[in-house]
Structures are given as C-alpha cells and as structure tokens.
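Novice: Protein chains in written order, with the working numbering: chain A, -18 to 137; chain B, -18 to 137.
In structure tokens form, the structure reads like this:
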C-alpha cells in the first residue's frame, strides 16, 4: 500500500510538521514537508548549498544520526501571497553537544547548549497543498549561549 | 521635483540594480530596490535580523561607509511564480580589508580578499513592479580564500 504524503492546508502547518520531524528525529517525515520540485534548496549553518531531494535528505540523515533536535521557533515575520509564504524565524536549537568545535561559552562534554539561528523558510502552494521549497539557516554568533544541563552530573 | 523610483520589469533586473548599487556604494539606489512593505527583512552574515526600511538602510550606510563592495554573483537557483521569485545565489564578495577580525588566510592590511557567501533573495511583484522583500546572506567559511591584491605595493 502506498503511503500518501500529508496535505498541508497552511504554510504554518508545514513548518510545524518540519519542527515535529526534527524533534522526532524522523528523516522520512522531514522530507515529506518539501516540494517535489527537484530545485529545492537547503542551507545548513556554515555549510554548502544543497539542491534536490537526495542531497538534502542525506544531510538531514547525517545530522539526525546524532539524535533528535529540539528547536524552539519564535518571533516569525511572515510575508504572504496567495501561492507563496516567506517566513523569517528565530530558531533556538537545543542540543547536547560534544566538546570539539564548540562556540565560545560551551566547554563541557554533555552540556546542554542552545544556539540561536535565523531561518528563512519559503513555502509554495501547489497541487499537493503547501510545501517547503527553501530552508536557509545561519547562526547569529553573538547570541550563542550555554544553559546548564538539567541532568548534568555533579562530582561530589 | 519628486524623483520616481525605478520600475523593474523582472526580478533579475532588481537583483542587478542591487549589485550595481553595492558596487557604486550608493545607499539610496540600494534602498530603491526594496518593497515599500515595512516588514522587509535583511540579514547580514553573522548579524541580527533587521526589519523595516530604517534599520536596513542604516546597516547598509554603515557597511558602505568603508567603500563600495564588488560582488560577483554566480550559479543562481531560481524558483519562480507569477508574483514571486526566490533566488539562491553564490556571491563572491571582493573587498579590501583591514587586519582586525579577519577570517584565516587574510593577514595583511590592504589585501584584496574574497569571501564566498550564500544569499537568498525573495522578490515580490506588486503595483511598483518587482521589488526585493528579503535578503539573507551567510558566509560559507570553508570557501573563504585570499587573493593577491593586483595593486599591492612592494617595498624595494
């Protein structure tokens, strides 16, 4: 039986499905939010531009192999047309991280860290409802901060 | 006499006007390419999100106070609708730079440097023709390189 992709009635529903898939660590669900257009574009912070389903799915598979990612999106700025919606979103990414290659302020292994990103999302409306066609994420270094891990081990 | 803003017939014409204004160091011309919508969004590499004409014009005025910027855009990926056009562009920024705060690979004062950026542009078509509504630029650090200044002074 062929599983049909979800039909999203609004751009906001697509964006929610995107963040839900990240939090579930589910690459298949994550790729379902994208348009079937092969020219879709995804830019991870500091990374190259990825074009097309195969490259984009591969990158998310690698990222999510480290575990799910919780993102707290906030303060959306939305420019909406009848067939397009452009979202600029502040995204606080919550993650447990290793010590190598960390931004200043996060020194301990296993520390919970949040990184503030700026994300541009573009959604097009087509025959399959609203779908994502572009994800461009970049870090805003000055907002990088470390928060204490709620489950951090303290040596006694 | 009121000077009328240019009417751009295509998104490509707006983008060309944007890069021409950067190369001319002309903030007024640069701001003419933007939509009159107050929710326009501009993100410079590593910077905060700027919303609205005043904040955006102020940022470009500061950037261009150091002199014009030559950008060589290449390899555009374009997703086009009837009233929207989304461009993902590789942008090589050519600049003369000072020594403070440089990326690795550029050590000398007055050295010509190029930095590769990934830029997302969104253009909407309205009563004033095509206009920019979003500019999101981020550096791809692994592509940062230094090129020799063609006019560098050599001590004899």
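Just so it is clear, CB atoms sit at the ideal spot from N, CA and C, and this is done for glycine as well.
Could you check what DSSP says for residue 39/B in three-state terms: helix, strand or coil?
Specialist: In this structure, residue 39/B counts as helix in the three-state DSSP scheme.
Novice: Answer with yes or no whether the minimum CB distance from residue 146/A to chain B is below 8 angstroms.
Specialist: Because chain A is modelled from -18 through 137, residue 146/A falls outside the range shown and cannot be assessed.
Novice: Can you give the Cα-Cα distance for residue 37/B and residue 19/B, rounded to whole angstroms?
Specialist: Cα to Cα, the separation comes out at about 11 angstroms.
Novice: What does DSSP give as the partner residue(s) for residue 61/A in the beta ladder?
Specialist: Its beta-bridge partners are 66/A.
Novice: Once DSSP output is grouped into helix, strand and coil, what is the label at residue 25/A?
Specialist: Three-state result, residue 25/A: coil.
Novice: Who are the near neighbours of residue 8/A in its chain, counting only those whose CB is closer than 8 angstroms to its CB and skipping five residues on each side?
Specialist: Once the five neighbours on either side are set aside, the close Cβ partners of residue 8/A are 2, 38, 41, 42 and 45.
Novice: Taking buried to mean at least 16 other C-beta atoms within 10 Å of its own C-beta, is residue -8/B buried or exposed?
Specialist: With 16 or more Cβ atoms within 10 Å of its Cβ, residue -8/B is classed as buried.
Novice: Of all the residues that make up the segment 25 to 39 of chain B, which are near chain A by a beta-carbon distance shorter than 9 angstroms?
Specialist: So the list reads 26, 27, 28, 29, 30 and 32, given in the order they occur along the chain.
Novice: With a cut-off of 8 angstroms on the beta carbons, I'd call residue 75/A and residue 95/A a contact; round off their distance for me.
Specialist: The Cβ separation is near 5 angstroms, so the contact holds.
Novice: Short of 6 angstroms in beta carbon distance, which residues of its chain neighbour residue 67/B, apart from the five on each side in sequence? Order them along the chain.
Specialist: So the list reads 60 and 103, once near-sequence residues are dropped.
Novice: How is residue 56/B classed by DSSP in three states: helix, strand or coil?
Specialist: In the structure shown, residue 56/B sits in a strand (DSSP, three-state: E or B).
Novice: CB-CB under 6 angstroms to residue 138/A, same chain, minus the five flanking residues each way: which ones, in chain order?
Specialist: What the structure shows of chain A is the stretch from -18 to 137, and residue 138/A is not part of that stretch, so it cannot be assessed.
Novice: Looking at the secondary structure, which residues open and close the beta strand (DSSP E) in which residue 8/B lies?
Specialist: Not the beta strand (DSSP E): residue 8/B falls in the alpha helix (DSSP H), residues 8 to 13.
Novice: If we count the other Cβ atoms within 10 Å of its Cβ and call it buried at 16 or more, is residue 99/A buried or exposed?
Specialist: Residue 99/A should be labelled buried.
Novice: Output the boundary residues of the beta strand (DSSP E) element that contains residue 221/B.
Specialist: Here chain B covers residues -18 to 137 and nothing more, so residue 221/B does not appear.
Novice: Just to confirm the assignment, what range does the alpha helix (DSSP H) spanning residue 3/A have?
Specialist: That run of the alpha helix (DSSP H) goes -8 to 5.
Novice: Taking the alpha-carbon positions, what's the residue 120/A to residue 27/B distance?
Specialist: Computed Cα separation, rounded: 6 angstroms.
Novice: According to DSSP, is residue 31/B helix, strand or coil?
Specialist: Strand.
Novice: Check residue 45/A in the structure and name its three-state DSSP category.
Specialist: Three-state result, residue 45/A: helix.
Novice: Below 9 angstroms on C-beta distance, what does residue 121/B contact in chain A?
Specialist: Per Cβ cutoff of 9 angstroms: 24, 27, 28, 29 and 30.
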